[in-house]
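K.L.:
Next up is a structure, given as structure tokens.
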Amino acid sequence: MSPESTPHVPAQRAVQVHQPTPYPPAVAVPAPVVPVQPGTVPTVASIVLPDGRVVTGYAINPTQPEPITAKPAVSRTAVNIALWGVGFLAVCSGLLLLTSFIAALTAFIVQLIILAAVIFGGCIALQLFTGSGHKGATTINIRKAVIKRNHFHG
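What follows is the structure in structure tokens.
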């Protein structure tokens, strides 16, 4: 048998039919009756349309929109960011001045230490090289001496 002679039979599947489930009808709940005082009953208005029909209903006063508050020219966020930037720059410049002040103070202290060392060293040098400052000490003047046979001749 050739494949052309065999009839093509599709595979049979089980067909499932789904039926919608009806919802029970909604029970109309009557609206609560609100007592209205006689002075506040709105007036009934009737309008005749161009084709002759009459539409009757309560007149509704149009609601007034809330007044639009004028927005500031610049937003608060922009002002806060600008103020933060100014404060940050002030702090940075203050820190720069503080570091400059500390560097100047350090240089001044180093100069004072060097000055004290020079003055103190000068005082010590004057005391060493000045002979008049020795009172009560023995001064020995060494002259040309001749030593003959372990005997000193002065």
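Residue numbers (the numbering used here): 52 to 205. Glycine included, every Cβ here is placed at the ideal spot set by N, Cα and C.
(1) Apart from the five residues just before and just after A154, which ones in its own chain have a Cβ nearer than 6 Å to its Cβ?
(2) For a test of the three-state rule: what should DSSP assign to T120, helix, strand or coil?
(3) Please state whether DSSP places T114 in a helix, a strand or coil.
(4) Roughly how many whole angstroms lie between the Cα atoms of P76 and K122?
(5) Taking C-alpha atoms, which residue in I119, S126, R127 and V95 lies nearest to N112?
(6) Once DSSP output is grouped into helix, strand and coil, what is the label at G94?
(7) Between which residues of its own chain and T114 is the CB-CB distance below 8 Å, once the five residues before and five after are set aside?
(8) I need the straight-line Cα distance from A176 to A168, nearest angstrom please.
P.N.:
Based on what the coordinates show:
(1) Apart from the 5 residues on each side of it in sequence, A154 has no Cβ closer than 6 Å to any other Cβ in its chain.
(2) coil
(3) coil
(4) 52 Å
(5) Minimum Cα distance to N112 is reached at V95.
(6) According to the sequence shown, residue 94 is Thr rather than Gly. The answer is coil: DSSP assigns T94 none of H, G, I, E or B.
(7) none
(8) 12 Å
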